[in-house]
Amino acid sequence: MTCAARKRRKITQQRLADGAGVTLPTIRRLENGDAGVSLATLAMALVVLGEGKRLADLLDVGADDVGLMLENQRLPQRVRVSRKKSTMEKPGTAEAAPSLPQNDDKFGEAF
11 MTCAARKRRK ITQQRLADGA GVTLPTIRRL ENGDAGVSLA TLAMALVVLG EGKRLADLLD
71 VGADDVGLML ENQRLPQRVR VSRKKSTMEK PGTAEAAPSL PQNDDKFGEA F
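What the sequence shown shows, in this note's numbering, is residues 11 to 121, in sequence order.
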């Protein structure tokens, strides 16, 4: 992944290593798919390659489809009203919502 991206940008392995703050052998291991390379190294390489947004998208909680699905599975089957004394106002004490004018001429034709 990083190898092709690095080559397209005409960046040497040494320049990528310097920008990511790691050694040249670490970049070589990263490009060879070594599982022992840290996620921090991959993240820094992505930033050097100008792909930091991809990393941010990966960490976006709102785009975590699996996490959202698991959260939705934990939703209760029912929502019940508490039997405790309600804090809602008594009928007739709340301000009435403003009503729309009855004359449609002010607003054009109704559909």
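All residues carry an ideal CB built from backbone N, CA and C; glycine is no exception. Treat the numbers as computed from the prediction; the structure is a model and nothing was measured.
Straight-line gap, residue i to residue j (C-alpha atoms, nearest Å)
i	j	result
K51	D67	Per the sequence shown, the amino acid found at residue 51 is Thr instead of Lys. Distance between the alpha carbons of T51 and D67 is about 17 Å.
L40	G77	28 Å
A55	L69	16 Å
Q23	V47	15 Å
S92	P86	15 Å
I21	L34	13 Å
A45	G29	21 Å
D75	K17	32 Å
G31	N42	18 Å
N82	R19	42 Å
Contact check, residue i vs residue j, beta carbons under 7 Å
i	j	result
L80	A15	no
A73	L65	no
L49	I37	no
Cβ neighbours of residue i in the same chain (closer than 7 Å, five flanking residues each side left out)
i	result
G62	L56
T12	L40, E41, A55 and L59
Residues near residue i in its chain [Cβ-Cβ closer than 8 Å; skip 5 each side]
i	result
V71	G77
R84	none
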